[in-house]
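**Student:** The structure follows.
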Amino acid sequence: MAESHENLFSVEGFRGTVRLFPLPNLVLFPHVMQPLHIFEPRYQAMFREAMAGDHLIAMALLRPGWEADYEGRPPIHPVACLGRVVAHHRLADGSYNLLLSGLARVEIVRELPAVKPFREAEARLREDVYPAVGPEAANELRRRFHDAVRRVLPELVKVHGEVAPLAESSAALGVWTDLVGYMLDIPLADKQVLLAEPNVHRRAELLLDHLARAAHDTSPTSAGAAGFPPAFSEN
């Protein structure tokens, strides 16, 4: 695979326009890597333009009922995840395998006129919000989240290392809510709610509810995770 060495994302450099890659079966989060297989001609064109420029693509979830207009412009959810292509490989049939690194939440302001094979939109960044709460309350939330993740998603801890820093760093909580939200085996609609929620503490509380339900899952093959590393997603 060819690799990109331009992986740093500058908020100041964001131009406010995104290439949209809408799918019905994937919610991407910041801080995660998603393998993708791109074979539709319109999205191959999108990929080539991205690689000739900023390497950025925004993953959006299609709303229910997308089947009736998949080849057109079916409605999407208004919050997407901006990602950067960090590695890619062109196959003999002209399709591409690539790795997309989630960078930031973006809110779709409006779609641009259809002048290209793929969809584009005006968008604004949606940054994490940390509520102004006392240190005791913040530490208690991080402790509860830390314990639930260790109990339900031990494979996440194994891959990403010790989660003890959650007890010390408030900023780390936002990263870990995104990792857990991506990995947890919950409905896509619930994942979209998590993506659309900028309040980190609210995201953590929502995930604690999901983690509590997963902890009671007695399936011998499930610890509440959707599988890691993630499988390829195809357009």
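The opening residue of the sequence shown carries number 35 in the working numbering; numbering runs sequentially from there. Where a beta carbon is used, it is the ideal one built from N, C-alpha and C, also for glycine. Note that the coordinates shown come from a computational prediction; the quantities given were computed from them, not determined experimentally.
1) Who pairs with residue 173 in a beta bridge, going by DSSP?
2) Do you know offhand how far residue 118's Cα is from residue 87's?
3) Considering only the alpha carbon of each residue, which of 101, 127, 167, 62 lies closest to residue 235?
4) Hey, would you say residue 131 sits closer than 8 Å to residue 180, going by beta carbons?
5) Can you list, in chain order, the stretches of the beta strand (DSSP E) that have 3 or more residues and sit fully within the region 43 to 123?
6) How long is the line joining the alpha carbons of residue 109 and residue 170, rounded to whole angstroms?
7) With distance defined between alpha-carbon atoms, name the residue in 230, 228, 220 nearest to residue 248.
8) Kindly indicate which residue of 237, 143, 73 has the alpha-carbon position closest to the one of residue 124.
9) May I ask you to list the residues that DSSP assigns as paired with residue 163?
10) From the DSSP output, in three-state form, read off residue 134 for me.
11) When you compare only the Cα positions, how much space is there between residue 241 and residue 223?
12) With H, G and I counted as helix, E and B as strand and the rest as coil, what does DSSP make of residue 14?
**Tutor:** In terms of the structure at hand:
1) Along the sequence shown, one-based indexing puts residue 173 at 139. DSSP output for residue 173 lists no bridge partner at all.
2) The residue labelled residue 118 in the question sits at position 84 within the sequence shown. The residue labelled residue 87 in the question sits at position 53 within the sequence shown. Going by the C-alpha atoms only, they are around 11 Å apart.
3) Your numbering for residue 235 matches position 201 in the sequence shown. Of the listed residues, the one whose Cα sits closest to residue 235 is 167.
4) On the sequence shown, residue 131 is found 97 positions in, with the first residue counted as 1. On the sequence shown, residue 180 is found 146 positions in, with the first residue counted as 1. No, the pair does not count as a contact, with Cβ atoms beyond the cut-off.
5) Considered as a whole, the region 43 to 123 harbours 51 to 57, 67 to 72, 90 to 95 as its complete beta strand (DSSP E) runs of no fewer than 3 residues, in chain order.
6) What you label residue 109 is simply residue 75 of the sequence shown in a count that begins at 1. What you label residue 170 is simply residue 136 of the sequence shown in a count that begins at 1. A straight-line Cα-Cα distance of about 43 Å links residue 109 and residue 170.
7) Within the sequence shown, the letter at position 214 stands for residue 248. The residue with the shortest Cα to Cα distance from residue 248 is 220.
8) As a first step, residue 124 must be located in the sequence shown, where it is residue number 90. Among 237, 143, 73, the Cα nearest to that of residue 124 is on 73.
9) Counting from one through the sequence shown, the residue named residue 163 turns up at place 129. DSSP output for residue 163 lists 233 as bridge partner(s).
10) Your numbering for residue 134 matches position 100 in the sequence shown. Strand, per DSSP.
11) As a working mapping, residue 241 is identified with position 207 in the sequence shown. As a working mapping, residue 223 is identified with position 189 in the sequence shown. If I take the Cα positions, the gap works out to 13 Å.
12) Beyond the ends of the chain as shown, which are 35 and 269, falls residue 14; an answer cannot be given.
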